[in-house]
Structure formats: structure tokens, C-alpha cells
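Below is one structure, written out as C-alpha cells, with a few remarks after it.
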Amino acid sequence: MEAREQRVPLIDLGGEMPVSTNGGERTRVQRRAGGLLSSAGDGPRMIPVGGGKGGVGKTFIVANLAVALARLGHRVVAVDADLEGPNLHTCVGVVQPQVSLADYVAQREEDLGKLLLDSPIPNLWIIAATRSNLATPQPTHGRRLQLIRELRRLPMDIVLLDLGAGTHSAVMDYFMVGDDGLIVISPEPTSVENAYGFLRAAFYRRLRLAMASHAARDLVTCAMDERNERGIRTPLDLLREIESLDPVQGGRFVETMRAFRPRILINGVRNADDVKLGFSVKSVCRRYYGVEAEYLGYVSYDDRVRRSVRSRRPLVDMAPRSDTALYLGRVARKLAELSPGTGEAR
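Going by the numbering used here, the sequence shown opens with residue 2, and the numbers climb by one from there.
Given below as C-alpha cells:
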């Protein structure tokens, strides 16, 4: 007989909130990045969900958070930004979408509003990403910027973006739209390793976008190679190099670090040790990158997750009283109550 999983208690993470970010810093960094980085208060709230590794449950998390937020009364659109492995629509019960993000990428449709698909859940819409043409490429950088601008014009309260796996430029660009992007990690060594790689890639891409001089951007590019010849091994090493080159750019470096507030969610926890992983990741972010990440919460392991996917029903709808649904609801409420990028209640 298979041993039963240990029930994970609901632990209060409320004391782990980071300090508020200066709004002026956020605005300056946003302006220098040409509109790619987030701009608080500009249209719907943008919450990208990434993680670096496939199979950690990003799509499951996005689908269920979208439903939970919609049931709290928010107008929500969940966007499948993974053209190479699109399945968000399946998780929320939308069958065979007739239009998708691929139509926008191929410039067959310019109006994102026409890509909005009704879901079975009131207040929730989907932008699917099915690939009717296997030759459909990833959108260019310019097309991604245009997509982000159009998403910010949608008459919604919250836009959740389900990102693909990896750290390629498309994933990083989409992750940049939110200072408080959500990083999903499973309590496995490979997932944790990939999550750190994802954080590193996001951190350095933000820095490179924020730097106003070619010389400073070149230094950031150099630092992205862990074996670079200049001996830059840590963000502190890079800051010292940039400050010696240009103190103004050094100040912008610090602004960028302060504006970056990634949020951590551990998915599939089985015991208290798995819960503690979020605090460890948060500590690494602070010590190594000087970034105040927030441990947003965790979701317990549940055999019903597979059944919910097979039945095309979000778990919060199929088993609303399960521990996993309760944890997802708690994370959704916390997201709804927090101001973007600050970790403080509205």
C-alpha cells in the first residue's frame, strides 16, 4: 500500500513582506527601457508567470489563479505566451480555439480584443496560443513590444501571462512587463537550479535594458558570461565596474535592483521542508543580487491535479474545498491585495 502524503499545514508567510519601492525609481527605469518594463498604474495589472523549467506547473498555476481572481470579482484575461507548448486553454475548459496569439504574431489579426475567448468562468477571458501553422515563428522583439502595449490597453483589471520554459529573449521580454513577476518552483533540485538561472537571466536583462550608455550595457553583457575575462562574478562586482565607469549609470543600477520585486511560489510541496525552500530562494535573492524577492506562498501536492487537467476543469472549480484549492485561493487573495511591485497591501 502506498504511503499517504504528509498534510502540509497552512503556514502564515505574512511577515516576509518586502519594503516598498520608490515610485520615481520605477518610472525612470521604465522610461529608459522603451516601454518594456512595467509601469504601475498603467492599464491592467500585468503578472507574468515563469520559472525556467518545464513541468513545474506554471500553466496549472496560471489557470487556477485566473479562476480564483475572477471569482473575487476582478476582470481577468489569461494569456498563453508559450507558442511552442500552448495548452492554457485546455486547463480552463476552452476547446479548439478558432483564434489565437499565433494570428497576432503572423499579423493576420491586429486587434487583440478579437482574440479574447470567453471561458466557462464569469469575469475570465483567455487569449490562447494554439499553432495552426507549425512554421509560425516566435514574435520579433518589436512585435513583442507591440503586443505588450496592446495588452495594457485591454479593459481588464489583471492580465496573467503564462510564459514558456527557458530563458530565451521572448520569455525574458514578457517577464519584464511586471516588476513583481511570479516564479514557480517545484521542490526538486533541477527546478531550483533552473529557477536561479531564470532569476539571473531576468536580473541581467533588466539591467541591460535600464543602462543608458553603450559602455555600461557592454559591461552587463560581459557579466552575463559567468567566465568573463574581466573577473565579474557577482552583481556587486558589476556595480563596482559600472560605478567606476560612470557614477550616474551606477545609480541607475541600484534603481533597477530596487525596482525588481520577483515573487516566489513553491508548487507541489509535500512537507514542511519543501515549504522552507521559498525562504531559502528569497535569502539568495537578497544576498547575491541585492533584490528583495517576496515569498508569495506555496501549493500542496495533490493527485487530483492530473484529474483536473484531464477533465479540462481548474482544480479550484473541481475540488474547491481541497487543501490545494484553499492554498491557491489564498495566493490569489494575496496577489489581489498587494500593490504592484511593492509587497504592501493596497
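Even for Gly, the Cβ is constructed at its ideal location relative to N, Cα and C.
TODO: For Val93, count neighbouring C-beta atoms within 10 Å of its own C-beta (all shown protein chains included) and say buried if the count is 16 or more, exposed if not.
DONE: buried
- [ ] Verify whether the separation of the beta carbon atoms of Val102 and Leu117 is less than 9 Å.
- [x] In the sequence as presented, Val is not what sits at residue 102; that position holds Leu. When the beta-carbon positions are compared, Leu102 and Leu117 stay at least 9 Å from each other.
- [ ] Taking Asn268 and Ser187 to be in contact with their CB atoms under 8 Å, please state how far apart those CB atoms are, rounded to whole angstroms.
- [x] 5 Å
- [ ] Would you mind working out which of Pro49, Gly56 and Pro45 sits nearest Thr191, comparing C-alpha positions?
- [x] Looking at the Cα atoms, Gly56 is the closest of the given residues.
Task: When Leu113, Ala130 and Val77 are compared against Asn124, the one with the closest alpha-carbon - done: Val77
Task: Residue of Glu110, Met258 and Leu183 minimising C-alpha distance to Ala211 - done: Met258
- [ ] Using three-state DSSP, classify Val78 as helix, strand or coil.
- [x] strand
TODO: On the DSSP bridge assignment, give the partners of Asn268 in chain order.
DONE: Val300
TODO: Classify Leu327 as helix, strand or coil using the three-state DSSP reduction.
DONE: helix
Task: Neighbourhood of Tyr175 by C-beta distance below 6 Å, restricted to the same chain and skipping five residues each side - done: Pro49, Ala82, Leu162 and Leu164
TODO: My understanding is that Phe61 touches Val306, with C-beta atoms under 8 Å, so please give their C-beta distance in whole angstroms.
DONE: 6 Å
Task: Cut-off 7 Å between Cβ atoms - residues of its own chain near Arg228, not counting five sequence neighbours on either side - done: none
Open item on the list: Let's see if you can read the secondary structure: which residues bound the alpha helix (DSSP H) around Ile233?
Closed with: First-last for Ile233: undefined, no H or E at that position.
Open item on the list: Tell me which residue opens and which closes the beta strand (DSSP E) that Leu161 is part of.
Closed with: Ile159 to Asp163
TODO: Note down the Cα distance separating Gln250 from Tyr197, rounded to an integer number of angstroms.
DONE: 25 Å
Open item on the list: Less than 9 Å between the C-beta atoms of Pro236 and Phe199, yes or no?
Closed with: Using a Cβ distance threshold of 9 Å, Pro236 and Phe199 do not count as a contacting pair.
TODO: Could you check what DSSP says for Glu244 in three-state terms: helix, strand or coil?
DONE: helix
TODO: Could you check the C-alpha separation between Val100 and Arg231 for me, to the nearest Å?
DONE: 49 Å
Task: Cross-strand partners of Leu152 (DSSP beta bridge) - done: None; Leu152 has no bridge partner.
TODO: Just grab the DSSP bridge partners of Asp119 for me.
DONE: Asp119 pairs with Trp126.
TODO: Find out if the Cβ-Cβ distance for the pair Pro156, Ala129 is shorter than 9 Å.
DONE: Not closer than 9 Å, so no.
TODO: State the Cα-Cα distance for the pair Pro315 and Gly44, rounded to the nearest angstrom.
DONE: 27 Å
Task: 6 Å Cβ shell around Arg145 - same chain, five flanking residues per side excluded - done: Asp174
Task: Chain-order list of residues whose beta-carbon lies under 7 Å from that of Ala337 (same chain, five-residue window excluded) - done: Leu70, Leu73 and His75
Open item on the list: Once DSSP output is grouped into helix, strand and coil, what is the label at Glu256?
Closed with: If DSSP states are grouped into helix, strand and coil, Glu256 belongs with the helices.
TODO: Report the partner residues of Gly51 according to the DSSP bridge assignment.
DONE: According to DSSP, Gly51 bridges with Ile184.
Open item on the list: Using a 10 Å radius around the Cβ and a threshold of 16 neighbouring Cβ atoms, would you call Pro263 buried or exposed?
Closed with: buried
Task: Spatially closest choice to Ala294 from Ala260, Ser309 and Ser312, by CA coordinates - done: Nearest of Ala260, Ser309 and Ser312 to Ala294, Cα basis: Ala260.
Open item on the list: In the DSSP output, which residue or residues are listed as bridge partners for Arg46?
Closed with: Ile159
TODO: Taking 9 Å as the cut-off, decide whether the C-beta atoms of Leu152 and Gly51 are in contact.
DONE: Contact annotation: Leu152 and Gly51 have beta-carbon atoms that are not nearer than 9 Å.
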